[in-house]
Amino acid sequence: MNNQKPLVVITGASSGFGAEMAKLFNQAGYPMLLLGRRTEKITALPLNFDQIMVEAVDVTDKASFEAAIRKAEAIYGKTDLLINNAGVMLLGNVWRQDPKEWQTMLDTNVMGVLNGTQIVLDDMMEREHGTIINMSSLAGKKTFVNHAAYVASKFGVHGLSETIREEVSAKNVRVAMVAPGAAETELLTHVTDDEALSDYESWKKTMGGITLDPVHVAEAVKFIYDMPQEVNIREIDIAATRQD
Ligand code: NDP
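Quick note on the numbering used here: the sequence shown kicks off at 102 and runs consecutively.
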């Protein structure tokens with residue numbers, strides 16, 4: 102009997118939620134392709150690297166994204182789970198913010214997810230087996246001040262995920278989302294707008310300064326995947342209890 106587990110691909114594995122997912126799926130014995138631009142951060146994670154391939158991929162570059170997945174599939178077999186987790190959040194008011202920051206968010210958070218999805222979907226539909234889990238946000242369901250372009254990108258993730266789910270469900274392929282509330286990963290470290298950051302700090306006080314532990318987001322992702330293929334938990338919303 103072949104007990105080999107199928108290939109799990111995680112984008113944005115170099116920090117935050119992605120790094121926690123990598124640990125969880127590694128402990129469960131899955132072969133993995135771990136992607137990020139900063140591969141040195143991935144190779145420094147406390148993982149057993151026997152069945153792990155690490156590739157430097159920018160998710161906005163579809164050709165290198167696809168090349169990395171095909172390379173891993175040649176060793177570990179077809180992708181059974183793609184976690185489109187890579188993302189960026191650059192806060193700021195629309196009247197102040199550099200449009201380059203909007204572009205970065207839309208390219209990474211929306212185009213990156215579409216790129217990954219298209220790369221794996223044909224094979225999943227042919228095999229009538231496979232799961233895509235997209236990392237959205239509560240900002241994909243409700244608005245937050247200083248988040249206009251980020252909200253646009255994550256509402257986009259919600260919309261495209263549900264649309265694709267409807268398109269592929271008859272082929273037994275699952276498309277699901279996790280929508281977390283605030284967690285203190287590296288996400289905020291890229292924000293260039295000091296006023297937006299200080300607004301965030303004030304808001305954080307309203308929830309007693311307690312944000313999500315990224316481990317729990319990783320557990321939500323794994324919970325979705327661990328259900329039988331015939332069951333699709335379409336969305337998990339997860340936030341610190343005190344978040345409004
Ligand atoms: P981090 O900043 O810690 O992680 C983001 C990851 O995305 C990094 O591994 C980064 O890797 C990767 N990444 C960013 N841009 C690109 C790119 N162009 N190509 C490839 N990889 C990229 O943040 P989180 O772990 O918090 O974020 C993970 C996801 O969760 C994101 O989609 C985010 O929007 C979402 N989210 C986060 C919340 C939070 O409060 N933290 C709440 C709700 C959703 P590298 O720089 O090495 O390429």
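Cβ coordinates follow ideal geometry from the N, Cα and C atoms, glycine included.
Query	Result
Would you mind giving the Cβ-Cβ distance between S238 and A187, rounded to the nearest angstrom? I have them listed as a contact below 8 Å.	S238 to A187, Cβ: 13 Å. No contact.
Is the Cβ-Cβ distance between I339 and V316 less than 8 Å?	no
Just to confirm my understanding: we take S284, look at its own chain, exclude 5 residues before and 5 after, and list those with CB closer than 6 Å. What are they?	It should be pointed out that residue 284 corresponds to Ala in this sequence rather than to Ser. Contacts found: T312, L313, P315.
Assign M190 to one of three DSSP states: helix, strand, or coil.	coil
Sort G260, K243, G213 by Cα distance to I184 and report the nearest one.	G213
Which word fits H291, buried or exposed, when buried means at least 16 other C-beta atoms lie within 10 angstroms of its C-beta?	exposed
Let me know the secondary structure DSSP gives L281 once reduced to three states.	First, the residue type needs correcting, since residue 281 is Pro and not Leu in the sequence shown. Three-state result, P281: strand.
Given a cut-off of 8 Å on the beta-carbon distance, is the pair A250 and W203 in contact?	yes
Check whether the Cβ atoms of L136 and V109 sit closer than 8 Å, and answer yes or no.	no
Are the region 222-232 and the region 270-277 touching, with three or more C-beta to C-beta distances below 8 Å?	yes
Which partner residues does M133 have in the DSSP bridge list?	V109, I153
Give me the Cβ distance between L261 and L215, rounded to the nearest whole Å; I'm assuming they're in contact under 8 Å.	7 Å
Return the CA-CA distance between T264 and S115, expressed in angstroms with no decimal places.	29 Å
Is the Cβ-Cβ distance between L288 and M190 less than 8 Å?	yes
Which same chain residues end up closer than 7 Å to K255 when comparing Cβ atoms and leaving out the 5 residues on each side of it in sequence?	N210, S237, S238, A240, G241
What separation, rounded to the nearest whole angstrom, lies between the Cα atoms of P147 and Y177?	21 Å
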